[in-house]
Structures are given as C-alpha cells and as structure tokens.
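Scroll down for the structure; my scribbles are underneath it.
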Amino acid sequence: MVASGGKHCWCRAVKQITKSNFSAALQQIKAHIKDADFIAVSSQKTGDLSASSSHRYPWRRVLPIDVPETAYLKAKLAAETFELLQFAVCPFRFQGSKLVAFPYNFHLFPRDELNLGMPSYSFSCQSSFLTSMAREGFDFNVSIYDGISYLSRAQESIAKERTPTPLVYSSSSSPTPSVADSIFIGRIKSRVEHWRNACKDSRNMTDGSLAKSLRKLILGGEVYGSRPSLSIDVCSDRQVQLTLETVTHISDDLVPLVVLDKSVGPKSVRVVLTSSEEDKHLLMSEIQNLEEEQNLKVRGFREVIDLISSSHKPIIAYNCLHADGNSNKNHGHNVLRITRVFAKLSILLKIVPDCQTSLGRHTMAIEEYANIFYPTSNSVQETEADDVDFHMDNVRKISTDELIFMWGFRGGTSAAELKSHLRQTHFVFTEDFELRLVDNTCAVVVFQKSGSAEALLKEIGSGKTNSTAPSKMLSEGLKAAGYETYKKVCRLGLWEAELADSLESVTSDSSGDVVISSGEDASDIYWSSESMIDLNDL
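Numbering (the UniProt record's numbering), first residue to last: 1 to 538.
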C-alpha cells in the first residue's frame, strides 16, 4: 500500500487476520517483513497497569524512575495479568518520496486447540478498556470464536512432548560397535530386508485380503499414508542411531522416521518404503509440510513474533510498555498512525534510509535514536499542584545512585509537606533536591549533589554518627533505601502491596542492612516533566 490517498484510504487498507486466514497471511507477511525498512507495531489488551482504573497500587505502573529492567518486569506483570486481543503489525519501507506500508491486524484469543490445557487461563479485564473497545466497534465474537491462539516457547516444548510427530533424522557416524551392537544391527538388517523383499515381490500382489493381513501380521508391516511401513521398537538413543545407519545402508528407497514417545524420548523407528526417487522426494516434502503445519498449530501467533525478532529490523512503537484504554483504536488503525508519524519524524531527523544506502550506514543513521528508554509519559504523582520544585523545562539524565526511596511518614502527607519536614531532619536536605510521591506510602527523592544519597544511606545503615539527624529520622519512623532495594522488590515480584510494605519486606529480609549500589550497578534515567507525544493530538 502506497501512502498517496487520504486518511480513510489508509484505514481501509488494514488486513484483518483471524484463524481462518492466518496460514495464508503468514506467507505474505514473511515477504513484507523481509523487504521492510522498519516494522511498526501496536496492541490492544483487556487492561493495563497504567490505566486510571489501576489506582490501587499506582507504583506498579511504568514510571519515570524505572530503568529498562524494572520497566520490563512491570510490563511482564501486565502481560501476564491482562489478555492481548489485537496485535497490529505494519512492515513499511521508503521508496523515494513514497511510504509503502503493509498493515496487518491479528485477532487473538487463548484457546486450548490441542486439548493440552494450554494456553487457556483466566485473565483480568478493566471495564474502561472493554467499553472503549466496544465503542470503537471491536467484534468480541470474532476474537473469541476465530481469534488466533498461541503458545510460549516453554509451552511449545511441553506440547511437542505430548503430541509427538514422526521426524526425519540424519544418521551420523558412530564409534566401533560393541558385540551387543553387532547383534542388534544383524537382527534389524535381517528383519528390514525380509520385509522389503516381501513388499517388492510381485507375486504377493495377487494375494487375497486374508493372505495380505496374515503377512502384515507376521512381518509386522503397517501403512504410512499409502506407503508400506515397518515399526522397529528401540530402547535408547544408541539403538536409534544404529537403526538409522542400518536402514540407510540397506537401500535408497527406505526412509527412516523417528517416532517420539510422550515426554520419554524415542519410542520407535518407522521405516517407510517408497516406490521411486520421485516418490521419496514427495514423502520428504509431505513430512516437512506436516511438521510445519504442526508447528504453526502449536505456536500460533508466536510465529509472527518470531518473524519480527529474527528479521532484526527496527521496531517502531508508541508507548509500548503501557497504553491508555481510552485512546486505543480498533482494526489496527493505530499502527498506521504510528507509521505516518514516524515517516514525518524520520524526514525531520534525517534517518530515512535511501534505497542505495548500505545496511551499515543505515544502521549508523538510526543508532542515536534507537533503544533509548524514556518512560516519562506517566507521572509519578498525578494529583495536587503542591508538588514543589519537581517540574523542569528540559530532560535531565540522572544516575540511580542519586535517588532514594523514603517511607514511614504519616498517611495523607503531601509532597510539599514532606519536603518541608525533611529539610529539618538532616543536613543533606538543606541542599537542592526533588521529591515526588510514588504512592500514598512512599516517596522518591532525587538529590542534585553527587554523593548525598550514599552519605545518607550509610549513616542510616551504620547508626554511628556525630549528628543526631539520623536518630531523629528513625525515631519519627522514617526509613530510606537505595535503588537496588527497589530493583529487588521488582525482581521478587512483590506487587500485591503498597511500595512501602514491599520495601520494608526486602529490608527486613536483609537483616536491616541498607543496600547501597556501587557505581558499576548504577543506571541512568531521564527525569523530565514534559509529556510524550499524544497521537490523538496529531
């Protein structure tokens, strides 16, 4: 699709993908991803931790204080809590002055299609998200009855163990066979040759059905599709390898397939007899198609995610770690808006790849703008105007070493009141610092002067000081912790509590030791009061 028409033309161009046309669309999107310069993505879920309805524990949202690790853990929590119902993918490239885009909107729903108990599970919904989706015309029936299912890599491994399919294995050279190996090889060779000769004997073609059934029973023959086959039971991987080598050396018209037992390992080797070289190639093609069909059924939509990941193409997304349920657009139109906005920005930033530009130069052109974590669209505190001295005109990069978390203050205390009170408790608060409430129980403090946070935490941790300031803070119930403690809270998944309670739990388990991060563990965050671009304003 070439961007030459109006906005309505773009919206009509989004291809809707469900379970019924997923297989055919997969081949198309493979080619489009391969030829693309960039890939835009957008999603729609049944809720999000950043939504206003998730006010119970607001610190679980992705906040400006988060580094990539903690933001990922929060996004992972949201992904495991809510269900993804739509995922739009738009591979696009620049062709001279034109933007060529191929938008797809995938309808998703977790469905236990293989009767394995996966991935069907319960998930949370937020009424504001469902209302917004219904208002935009989202068809819940299509999603539930014809949505594409999916399995994770771990679930895929379990599914393949429970529903094994015959696989073609290439034989490799093995060490000198033992006496037991030689006996096993002799038995297998004799049995396979006898069975093959019986199948090839033209005199057996005229036998009646009873004679054929008796011969099949005696020889142990079966049918694989329309071709004769023979199953050989094996007890170990060593016997599998010996069987593959033996069958390969007997004749070129024999194709050995390894049949796996459920979660145990190789169960048997099935030897299939082909009628010609052409028939052998046809069988191999059928087996490959069967394996691909089974993989597609097991992986589902994850095939698309794997395609995007393996392409190594730059991913363009808007606010991908969280989304506002009131701004979602149905039918994948949001991904087109992202594509259009990026096309305009890329011209301004001069990162439009030229058709003649080498990949190396292309990569260097976008390096300055890629993978910069900038989660400042969510305010740490979204309420009163009495959050003093927090807003700044420009983005400022600060180290997590200069940031501490404080809790233990009286409930209902405003940021301004807490900041004023802290100035009277310790000399480090006489310097410039910024304070923001993360929730009703905990505040984050950012020091302007390097080393102030470390000095305060060391004094609190040691309890030995000539100053009475730390004692005064502790007597009032105020407690403090560094950024490493916050990261540990996120790693341990202590989400179902106020941040103060989670921090208290971690510090208690550490025998009261105050964790102070070293310079090597520190990360940078972007601190700013400026909001990100709102696509609805464009």
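Glycine included, every Cβ here is placed at the ideal spot set by N, Cα and C.
Check, Outcome
"Between which two residues does the alpha helix (DSSP H) containing residue 195 stretch?", "179 to 200"
"State the start and end residues of the unbroken beta strand (DSSP E) segment that holds residue 40.", "38 to 45"
"Within 10 angstroms of the Cβ of residue 48, are there 16 or more other Cβ atoms? Answer buried if so, exposed if not.", "buried"
"Excluding sequence positions up to five away, which residues of its chain have a Cβ less than 6 Å from the Cβ of residue 22?", "148"
"Mind checking which residues open and close the beta strand (DSSP E) that includes residue 17?", "15 to 17"
"Among all the DSSP beta bridges, which residues are the ones paired with residue 407?", "442, 479"
"Just curious, the alpha helix (DSSP H) that residue 343 is in, first and last residue?", "333 to 349"
"Looking at the secondary structure, which residues open and close the alpha helix (DSSP H) in which residue 257 lies?", "Segment 254 to 261 is the beta strand (DSSP E) holding residue 257; no alpha helix (DSSP H) there."
"Please go through the same chain and pick out, in chain order, the residues whose beta-carbon is closer than 7 Å to the beta-carbon of residue 19, but skip the five residues on each side of it.", "146, 147, 148"
"Can you give the Cα-Cα distance for residue 396 and residue 526, rounded to whole angstroms?", "6 Å"
"What did DSSP end up calling residue 144 once you bin it into helix, strand or coil?", "helix"
"Which first and last residues belong to the alpha helix (DSSP H) in which residue 309 is found?", "302 to 311"
"Return the chain-ordered list of same chain residues with a C-beta closer than 8 Å to the C-beta of residue 269, the five sequence neighbours on each side being excluded.", "231, 232, 234, 240, 243, 244, 247, 256, 257, 258, 259"
"Suppose contacts are defined by Cβ-Cβ distances below 8 Å. Is residue 437 in contact with residue 404 by that definition?", "no"
"According to DSSP, simplified to helix, strand and coil, what is residue 88?", "strand"
"From the DSSP output, which residues share a beta bridge with residue 434?", "446"
"In terms of DSSP beta bridges, what is residue 98 paired with?", "95"
"Taking only the alpha-carbon atoms, compute the straight-line gap between residue 58 and residue 156 and give it to the nearest angstrom.", "34 Å"
"With DSSP run on the structure shown, which of helix, strand or coil describes residue 358?", "Confidence at residue 358 is low in this model, with a pLDDT of 45, below 50, so the placement of that residue should be treated as unreliable; the coordinate-derived value is given next. Reduced to three states, the DSSP call for residue 358 is coil."
"Determine, using beta carbons only, whether residue 104 and residue 33 come nearer to each other than 8 Å.", "no"
"Check whether the Cβ atoms of residue 523 and residue 67 lie closer than 8 Å to each other.", "yes"
"Considering only residues of the same chain and omitting the five flanking positions on each side of residue 342, which have a CB-CB separation below 8 Å?", "38, 40, 316"
"Is DSSP giving residue 57 helix, strand or coil here?", "coil"
"Rank 158, 401, 423 by C-alpha distance to the C-alpha of residue 487 and give the top, closest one.", "401"
"Which first and last residues belong to the beta strand (DSSP E) in which residue 285 is found?", "Taken as a continuous stretch (DSSP letters only), residue 285 belongs to no beta strand (DSSP E), being part of the alpha helix (DSSP H) at 277 to 299."
"Could you check which residue in 413, 449, 349 has the C-alpha nearest to that of residue 398?", "449"
"What would DSSP say about residue 457, mapped onto helix, strand or coil?", "helix"
"Pull up the distance between the alpha-carbon of residue 442 and that of residue 337, whole angstroms please.", "38 Å"
"So residue 300 packs on residue 150, CB below 8 Å; how close in whole Å?", "4 Å"
"Locate the alpha helix (DSSP H) running through residue 421, then write down its first and last residues.", "415 to 422"
"Taking residue 408 as the reference, which of 434, 430, 439 has the closest Cα?", "439"
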